[in-house]
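Presented below is the structure to which this report refers.
2 protein chains.
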Amino acid sequence: MSIRIGIYGYGNLGRGVESAICQNPDMTLAAVFTRRDPASVSLATADVPVVSASDVEKYVGKIDVMIICGGSATDLPIQTPYLAKYFPVIDSFDTHAKIPDHFSNVDAAAKEGKHTAMISVGWDPGMFSLSRFYASAILPDGEDYTFWGKGVSQGHSDAIRRIDGVLDAKQYTVPVQEALNAVRSGSAPKLTTRQKHTRECFVVAKPGADLKRIENEIKTMPNYFADYDTTVHFISMEELKRDHSEIPHGGFVIRTGRTGKNGDHRHVIEYSLKLDSNPEFTSSVLIAYARAVFRLQNEGNFGCKTVFDIPPVYLSSKPLSEIIKNLL
Amino acid sequence: MSIRIGIYGYGNLGRGVESAICQNPDMTLAAVFTRRDPASVSLATADVPVVSASDVEKYVGKIDVMIICGGSATDLPIQTPYLAKYFPVIDSFDTHAKIPDHFSNVDAAAKEGKHTAMISVGWDPGMFSLSRFYASAILPDGEDYTFWGKGVSQGHSDAIRRIDGVLDAKQYTVPVQEALNAVRSGSAPKLTTRQKHTRECFVVAKPGADLKRIENEIKTMPNYFADYDTTVHFISMEELKRDHSEIPHGGFVIRTGRTGKNGDHRHVIEYSLKLDSNPEFTSSVLIAYARAVFRLQNEGNFGCKTVFDIPPVYLSSKPLSEIIKNLL
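Protein chains in written order, with the numbering used here: chain A, 1 to 328; chain B, 1 to 328.
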């Protein structure tokens, strides 16, 4: 019996989930829900209904796990609590500071609807969170570092696009190699924001725009760029499309710590990702945890969960005995 | 209320556990059990009884989790099933090929005694197994690589010491940098044993011993060295003690995989460890999972468990809300 997956929102992430389902034979795509006109959406998978988001409640009983693929800023805070009343759900909510509030809202809705819900599943939050957690549980006397990149930050790219005179832009977050080396040495350095990452921007300006002003507006933008060493490259639309159309990302979670008498022995735990496609990798994590949501729902384990709650074995379609034999 | 830990076997690993307990304020060392004369064993911790292993059954009710620190070859296959009848237990059994048998034996004993038991907890098996598991669950279309080192292999060092004319020896397993680079590139290479690791041996020979013969016996030893490029250095006992008295280790778990249409997008997941002290790090993992054993025992969740069964949150002494706020 296949796990029937619903996709709610069909952007980059939704398409990634659709693609990931093909790699997991115990799952099928049951329906895609969209706020657009369903007739305007064509899927990569044959014979799957595209349904108006306003009709989603009609699908109760036809979806085992709803994967919610909206944005964290305005979509998920509304969508996940709403849908958790009707379906087992999972999302990739990634506004770190607002996770506790989102958790409470989703937990209440999921318990009311008697459903399992999972939030903040992806790579950060998600696999990076797990790596930080395991490493700090093992080495209580130590320090954590997270570096992101090299990769595209959608939020920073959007911020540049809002500047007057900018037609399009792509922003890469780049970890500073010297900072990474210092952390890996176990010397437990204190690093400022500027020392950890640089920001590299590729900008297409409108013909005749004041490039000096645009560059200055980017580099001095509070929160986004002012605290970083930022490089701005003006390029043509053709170059942007040719060289910067992919959405790679990745990063490093490092914990250094000490054990033994006087903390004489140092240890370095490092987890890193190098991803050609941020949304496709996030989707792959979502699909694995959707399997866990399905199982917890069947066990009657309702309410909001995070990656910290899930026994690893729940992610796999393989039997435990085979996992023990091949991977332990 | 503190978790009362028993240490069964007081070698490098037992001493590491003793040291790790000091870093975890919710735990206390209740007793150390030894097959030696207890009067001959002095602990680093004050006011803790050293007890003869033959008296262990008298400690039922006084130990919350017994951490079994024997060797995998002959000790643990006997000790863990025996002790699981009387106590919640955890071990670091690391003979990969025999794990399924050990699991069955411990599972039966633990269920008979109504105890939680965990086996094969450390870094490999242990954290490396978890890394292999998570990565393969997320990227079903991909390939796994595990590299060990640079680090001391106790088994290989022992094998050299058994050669006639050898006084002492230390063997380092070294991953081949070119192989690591090839794997990280995502090219999914097929690698032979020889291509993945080299072996470096530091040997103290008896005065007048035939060094050529010793070197040849090492390099041609089946299973241990014959399949590797092996380097042998003859050094003095002083040099061995000065430069090779530590027990460092580490390694790399890498999964490369593909997602998207035609598998166009490649991803690399890497987990690595660089450890100054193999036994102290293994002990630190054991202590974190001992907390999980304690909790599962209190829940009445009996039988044999592995790292795949344990919800991450069970490893930490911190409340879930704090973990979500700080690490998710």
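Cβ atoms here follow ideal geometry from the backbone N, Cα and C, with glycine treated the same way.
It should be emphasised that the depicted structure is a prediction, and the values quoted were computed from it without experimental measurement.
When B/147, B/146 and B/132 are compared against residue 140 of chain B, the one with the closest alpha-carbon:
Distance check between residue 140 of chain B and each of B/147, B/146 and B/132 places B/132 closest, using alpha-carbon atoms only.
Excluding sequence positions up to five away, which residues of its chain have a Cβ less than 7 Å from the Cβ of residue 282 of chain A?
Hits under 7 Å: 13, 16, 92, 122 and 123.
According to DSSP, is residue 272 of chain B part of a helix, a strand, or is it coil?
Residue 272 of chain B falls in the strand class under three-state DSSP.
Starting from the Cα of residue 57 of chain B, find the closest Cα among B/207, B/108 and B/85 and give me that residue.
For residue 57 of chain B, the nearest C-alpha among the options comes from B/85.
Check whether chain B comes within 7 Å of residue 266 of chain A, counting only Cβ atoms and requiring the distance to be less than that.
Contact of residue 266 of chain A with chain B is assigned, a C-beta pair being separated by under 7 Å.
Grouping DSSP H, G and I as helix and E and B as strand, with all else coil, what is residue 52 of chain A?
Assigned with DSSP and collapsed to three states, residue 52 of chain A falls in strand.
Cutting at 6 Å between CB atoms, please list the residues of its own chain near residue 271 of chain B, excluding the five before and the five after it.
Apart from sequence neighbours up to five positions away, the residues of its chain that approach residue 271 of chain B with a beta-carbon distance below 6 Å are 131 and 253, ordered along the chain.
Residues that residue 138 of chain A contacts on chain B, provided the C-beta gap is smaller than 7 Å:
Under a criterion of Cβ atoms nearer than 7 Å, the residues of chain B adjacent to residue 138 of chain A are, in order, 284, 285 and 288.
So with CB distances below 7 Å, who are the chain B contacts of residue 280 of chain A?
Here the neighbours are 259, 260 and 265.
According to the neighbour-count rule (16 or more other Cβ atoms, all chains shown, within 10 Å of its Cβ), is residue 88 of chain B buried or exposed?
Residue 88 of chain B is buried by the Cβ-count criterion.
At 8 Å on the CB atoms, spell out the chain A contacts of residue 132 of chain B, in chain order.
The contacting residues are 327.
For the 8 Å Cβ check, are there 3 or more pairs between the region 283–294 of chain B and the region 60–69 of chain B?
Cβ pair count under 8 Å is three or more, so yes.
Show which residues of chain A have a CB atom less than 8 Å away from the CB atom of residue 141 of chain B.
The contacting residues are 23.
Residue burial classification, residue 237 of chain A (beta-carbon count within 10 angstroms, cutoff 16)
It counts as exposed.
Residue 108 of chain B to residue 303 of chain B, Cα distance in whole Å?
If I take the Cα positions, the gap works out to 7 Å.
Going along chain A, which residues have a C-beta under 9 Å from residue 273 of chain B?
Correct list: 267, 268, 269 and 270.
Segment limits, alpha helix (DSSP H) that includes residue 107 of chain A:
Its alpha helix (DSSP H) spans residues 99–113.
Classify residue 265 of chain B as helix, strand or coil using the three-state DSSP reduction.
Three-state result, residue 265 of chain B: strand.
At a cut-off of 6 Å, is residue 241 of chain A close to the ligand ZN when judged by its beta-carbon and the heavy atoms of the ligand?
The ligand ZN is not among the ligands present in this structure, which contains no ligands whatsoever.
Assess contact between the region 155–170 of chain A and the region 170–187 of chain B, defined as three or more Cβ pairs (one per stretch) separated by less than 8 Å. Is contact present?
Segment contact: the region 155–170 of chain A against the region 170–187 of chain B, fewer than three CB-CB distances shorter than 8 Å; contact not assigned.
C-alpha gap between residue 128 of chain A and residue 214 of chain B, whole angstroms:
Going from the Cα of residue 128 of chain A to the Cα of residue 214 of chain B covers about 48 Å.
Please state if the CB of residue 199 of chain B and the CB of residue 234 of chain B are separated by a distance shorter than 7 Å.
The beta carbons of residue 234 of chain B and residue 199 of chain B sit no closer together than 7 Å.
Closer than 6 Å by C-beta to residue 6 of chain B: which residues in its own chain qualify, once you throw out the five before and the five after it? Chain order, please.
Closer than 6 Å at Cβ, skipping near neighbours: 30, 31, 63 and 66.
Using C-beta distances below 7 Å, list every residue in its chain close to residue 323 of chain B, excluding the 5 sequence neighbours before and after it, in chain order.
Only 313 and 316 meet the Cβ criterion.
Cα separation between residue 160 of chain A and residue 266 of chain A?
Going from the Cα of residue 160 of chain A to the Cα of residue 266 of chain A covers about 42 Å.
So the candidates are B/262, B/104, B/307 and B/245; which of them puts its Cα closest to the Cα of residue 81 of chain B?
Comparing Cα-Cα distances from residue 81 of chain B to each of B/262, B/104, B/307 and B/245, the minimum goes to B/104.
Does the beta-carbon distance from residue 290 of chain A to residue 90 of chain A come in below 7 Å?
Between residue 290 of chain A and residue 90 of chain A, the CB-CB gap stays under 7 Å.
Under 7 Å between C-beta atoms of residue 150 of chain A and residue 202 of chain A:
It is not a contact, given that the beta carbons lie outside the stated cut-off.
Neighbourhood of residue 35 of chain A by C-beta distance below 7 Å, restricted to the same chain and skipping five residues each side:
The answer, listed in chain order, is 53.
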